[in-house]
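Right, one structure below, let's go through it.
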Amino acid sequence: MKKVLVIGGGARESALALKFSQSPQVDHVYVAPGNPAMELLGVEPIGIKEKEVPALIKFAQTHQIDLTFVGPEVPLAAGIVDDFQAIGLPIFGVTQKLAQLESSKTFAKAFMHRHHLPTAASKTVHSAIEAHAEATLMGLPLVLKKDGLAAGKGVVIANDAATLDDTIEQFYAGHPDATVLLEEYLAGEEASVMALFNDQRRVILPLSQDHKRRHAADRGPNTGGMGAISPLPQFKPDQVQAAQSLVDATLAGMHQDGLNGHGVMYIGLIFTKEGPKILEYNMRFGDPETQVLLPQIENDFYQLVSDLLDGQQPTLKLNGLAYACFVAVNPDYPRANLKTVPVIVPTNWPIGTWLPAGVTRADGGWISDAGRIFSVVAGAATLPEAVAKAKHDLESIQGVLDYRTDIGFHALKG
0 MKKVLVIGGG ARESALALKF SQSPQVDHVY VAPGNPAMEL LGVEPIGIKE KEVPALIKFA
60 QTHQIDLTFV GPEVPLAAGI VDDFQAIGLP IFGVTQKLAQ LESSKTFAKA FMHRHHLPTA
120 ASKTVHSAIE AHAEATLMGL PLVLKKDGLA AGKGVVIAND AATLDDTIEQ FYAGHPDATV
180 LLEEYLAGEE ASVMALFNDQ RRVILPLSQD HKRRHAADRG PNTGGMGAIS PLPQFKPDQV
240 QAAQSLVDAT LAGMHQDGLN GHGVMYIGLI FTKEGPKILE YNMRFGDPET QVLLPQIEND
300 FYQLVSDLLD GQQPTLKLNG LAYACFVAVN PDYPRANLKT VPVIVPTNWP IGTWLPAGVT
360 RADGGWISDA GRIFSVVAGA ATLPEAVAKA KHDLESIQGV LDYRTDIGFH ALKG
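Written out as C-alpha cells, the structure reads:
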C-alpha cells in the first residue's frame, strides 16, 4: 500500500488529501502542516511547516513516502520540488524555474508575448514617477499588478484617478524601485482552466470560476477566494475548447523555452469579444476551485498522478455532476489581526462536503485560526441544485461566520 504526503494546510489540501485517501492503493495520507480538523477526514496532519524543507525531506525518507504533492505556491517558488528531486524523492509539482510563470508577473507576460499567446497589452514600470507617466498614456480603467506572489491580492483595477494614485502609493511604499505591471482593462467574464501535466502530456479539467471579491455582486476587496463553481454552463462548447487550447499552446511554449517539468497549470482567463485572453498563470491548483474540480474526477487520483509522473498519458473520467463551493470566513476577513471565533463542525455529513482550512482545537471545541475557515461543497445534476444545497448546508453551521451569498451568480443570471 502507498503513502502520500500533501504539502499545505488549507481547504485545497483537505480536498487533495481526501482525494488521495480514496484511492484503493493508498493506506495513509499525511498533510504538512495540515490543520487539526483534517483528522476528521481520515488523514493525518503532521505539523511540519511547508517552508521547513529539510524536515519534510527527512519525514518523507523516514516514512517511505511514495508520492509528495505540493498544494501552495510559496514552497514551489522556493524550490521544494528541486530539493526533493535532487535526492530522488518522488514529488509532483513545478520546479522553481517553472514556478516563475506565477511568482513573476513580468516573466509570465514576457512568456505570453514571446509565444504570441492572447493577453492584455501591458507596460512594466519601476518607480512611482514612471507608473504615473505610463498610466497617463494608457488611460483609465487600468489594471495594476505588483510583481511577485501576493496570495491572490496583488491586483487592483483602477477605475478612477483616486484609486490609481492610492494604488501606486501603496505599491511603492517602502519599495521605491518595485516592479509593477500596468495592463489594459479587458471587459468580459472570467474563468479558469486547470491541467495536470508532464511536459506535453496533460489532463485538462473542466472550466471553473472563482469568486475573488469579498462581497456579493463582485464588490469589496480581493480575497484568496470566496467560493467556486464547476463546470460552467454559461459558456458554449467552442468557448470551452478555445480556453482549453491555451493549455496546449502554453505547454508548447514551455517546451520551446526549455521549461520542462510536471505539475499543475492554472490559467486565469477572460472571455472577451475577441475570444479568451490570459490574465495570469498559477502553477498549482486554485483554492477554492480545487474543491469543485476533484469531486468530478472518477479516476483513481493516485494512479492518475503516478501515470503522469511516469510519462504516460492518462484518460480523464468525469462523473458529469455540477459542483458549488461556499467558503466560510471570519466576519472581518480579509483584514489582518483577526480575532478567533467559534466554529461549528458538522456531524454525519457525507465525506468531502465539509473541508477545513483555518480550524483548530481549543477548550474541547473548535475555533478559527485564519481568515478563510472552511469550505462547504455540494454536487448535483444541475448547477442551481448544487448552489442551493451548498448554501443551505453552510447556513446550518454558519454560527458567527460570514460567507458570500451569490456564488455562481454569473452562471445563474441567464
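Numbering (numbering that gives the first Met the number 0) for the sequence shown: 0 to 413. Note that the Cβ used here is the ideal one computed from N, Cα and C, for glycine as well.
Assign residue i to one of three DSSP states: helix, strand, or coil.
i	result
F91	strand
S244	helix
E38	helix
H114	coil
E49	coil
L100	helix
L303	helix
K272	coil
K388	helix
F170	helix
K1	strand
G219	strand
K122	strand
G252	helix
M264	strand
Q208	strand
P287	coil
D81	helix
D159	coil
I56	helix
P333	coil
A414	Nothing in the structure corresponds to residue 414, since the chain is present only between 0 and 413.
Please report the straight-line C-alpha distance between residue i and residue j, rounded to a whole angstrom.
i	j	result
A107	Q99	7 Å
N197	R11	21 Å
P53	Q290	29 Å
A134	A161	13 Å
F300	M0	15 Å
H114	K144	21 Å
H125	V376	42 Å
A194	G70	14 Å
A251	S121	23 Å
L245	V263	14 Å
G407	K338	29 Å
P140	D286	28 Å
S395	F325	13 Å
L15	V25	13 Å
V3	F58	11 Å
T94	A321	33 Å
L231	T61	43 Å
H427	I6	Outside the modelled stretch of the chain, which goes from 0 to 413, sits residue 427, for which no answer is possible.
I269	Q63	43 Å
Based on the DSSP output, what are the partners of residue i in its beta bridges?
i	result
K144	V154 and L180
P32	G7
S367	V358
A327	F373
I203	A194
I296	L317
L66	V3
N347	Looking at the DSSP assignment, N347 forms no beta bridge with any residue, so it has no partner.
H131	In DSSP, H131 forms no bridge with anything.
I228	Q208 and A323
E43	Y29
P341	I366
Y280	I266
H214	R218
Q401	This sequence places Asp at residue 401; Gln is not what is there. According to DSSP, which records beta bridges pairwise, D401 is partnered with V328.
Using only CA atoms, which one of the options lies nearest to residue i?
i	options	result
A361	V246, V342, G351 and A227	V342
N298	L4, K2, S20 and E51	S20
H261	G219, T271, D306 and V239	D306
G319	L354, A380, I406 and P355	A380
D331	Y29, P294 and Y402	Y402
D159	A327, V142 and N34	V142
S229	V239, P205, D217 and D392	P205
K50	Q63, A77 and F58	A77
Q233	A385, D405, G252 and A190	A190
A410	A323, T352 and V340	A323
L317	L4, D164 and G378	G378
T271	A157, Q238 and L181	Q238
A327	E384, G398 and K48	G398
A31	M37, K48, K18 and T359	K48
R334	L382, I266 and R371	R371
F110	D256, I6 and A387	D256
A132	L39, V5, I167 and V154	I167
E101	G46, G147 and D405	G147
R201	L181, Q243, S207 and L163	Q243
Meets three-Cβ-pair contact criterion under 8 Å: the region 305-314 and the region 336-347: no
So, do the region 161-174 and the region 207-220 have three or more beta carbon pairs nearer to each other than 8 Å? no
Would you check if the region 216-224 and the region 268-277 touch, i.e. whether three or more CB-CB distances between them fall below 8 Å? no
Pair every Cβ in the region 352-369 with every Cβ in the region 178-197, then say whether three or more of these pairs are closer than 8 Å. no
Evaluate contact between the region 55-73 and the region 87-95, counting only Cβ atoms and requiring at least three cross-stretch pairs below 8 Å. yes
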